[in-house]
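To start, the structure itself, in structure tokens.
Residue numbers (the working numbering): 5 to 261.
Here it is, written out as structure tokens:
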């Protein structure tokens with residue numbers, strides 16, 4: 005069996021074997037995801053060699069501080085407000101050569117109230133969609149399934165239109181997902197198959213599925229993941245309790261080694 009055989013819609017045997025293992029090993033609650041780590045300030049040479057995505061509004065070191073902005077460019081973007089953020093994966097507007105596969109979110113200081121995150125493994129979303137209708141997967145793997153329109157700055161095109169699939173398989177045989185539940189600045193492929201697939205995915209994410217975990221990071225806690233689906237609830241700050249997170253995006257997946 006090849007590394008990506010389980011994602012071949014014509015290979016039911018490989019898919020069923022992978023599916024059984026994935027579901028059997030999936031954590032039952034968010035508590036199973038909590039682990040203690042060593043000193044995050046003492047990175048190994050391998051860890052330092054990983055490629056950060058120097059995304060728009062990141063600091064010079066490629067790491068982005070996520071806090072409410074009172075002025076400047078950041079005020080135009082939802083992550084820098086107290087508003088909720090819908091389901092998405094990070095970097096869904098990036099070109100194929102800059103796909104975000106790994107992500108770290110570190111909490112320095114939570115909000116006074118709110119700001120919880122919901123999480124769902126994108127491989128589980130794939131399973132639920134494929135089990136319901138393999139045609140959903142076929143539609144969402146089309147190279148023009150989802151397009152993020154261009155972004156302009158001062159009359160110039162800062163980033164061109166970015167079409168691409170929702171689900172894709174990378175060179176290592178791993179499943180990647182680019183998705184946003186936003187309804188503005190997004191263009192879905194205009195066909196019945198895509199519309200049905202998007203509605204099915206939205207229904208899964210709006211459900212009380214046992215595969216959706218919810219929790220709030222406290223000071224010193226963090227999320228390390230292979231860019232799974234996630235959202236953010238609205239939150240409230242006080243002068244004494246202002247939310248501050250740091251986010252790092254990587255082109256490489258998280259390694260278990």
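Virtual Cβ for every residue (Gly too), placed ideally from N, Cα, C.
Note that the structure is predicted; figures quoted are calculated from it, not measured.
Buried/exposed call for residue i, threshold 16 Cβ in 10 Å
i	result
residue 126	buried
residue 147	exposed
residue 94	buried
residue 68	buried
residue 81	exposed
residue 87	exposed
residue 35	exposed
residue 177	exposed
residue 104	buried
residue 134	buried
residue 149	buried
residue 243	exposed
residue 27	exposed
residue 75	exposed
residue 223	exposed
residue 25	exposed
Contacts around residue i, its chain only, beta-carbon distance under 7 Å, and the 5 residues preceding and following it disregarded
i	result
residue 31	37
residue 120	218, 219, 220 and 237
residue 154	161, 163, 164 and 165
residue 23	131
Beta-carbon proximity of residue i to residue j, cut-off 8 Å
i	j	result
residue 217	residue 118	no
residue 13	residue 138	yes
residue 241	residue 112	no
residue 256	residue 106	yes
residue 131	residue 249	no
residue 229	residue 202	no
residue 140	residue 200	yes
residue 136	residue 204	yes
residue 247	residue 99	no
residue 215	residue 124	yes
8 Å CB neighbourhood of residue i in its chain, flanking five on each side removed
i	result
residue 92	183, 184, 185, 186, 233, 234 and 235
residue 198	143, 144, 146, 149 and 192
Beta-ladder partner(s) of residue i, from DSSP
i	result
residue 89	236
residue 122	218
residue 117	240
Local conformation of residue i per DSSP, three classes
i	result
residue 143	helix
residue 80	helix
residue 112	strand
residue 70	strand
residue 190	coil
residue 265	Any answer about residue 265 is impossible in this case: the structure gives the chain only from 5 up to 261.
residue 226	strand
residue 57	With a pLDDT of only 46 at residue 57, under 50, the local geometry of the prediction cannot be trusted, and the value read off the model is given with reservation. The answer is coil: DSSP assigns residue 57 none of H, G, I, E or B.
residue 39	coil
residue 253	strand
residue 64	Reliability fails at residue 64, whose pLDDT of 47 lies under 50, so the model's placement of it is uncertain and the value that follows must be treated cautiously. Reduced to three states, the DSSP call for residue 64 is coil.
residue 30	coil
The ligand NAP heavy atom lying under 7 Å from the CB of residue i
i	result
residue 165	Ligands are entirely absent from the displayed structure, and the ligand NAP is therefore not among its contents.
Cβ-based neighbour list, residue i, same chain, cut-off 6 Å, excluding 5 preceding and 5 following
i	result
residue 191	151
residue 167	148 and 151
residue 245	116
residue 83	70
CB contact below 8 Å: residue i versus chain C
i	result
residue 191	As a matter of chain content, chain C is missing from the structure shown, which is built from one protein chain.
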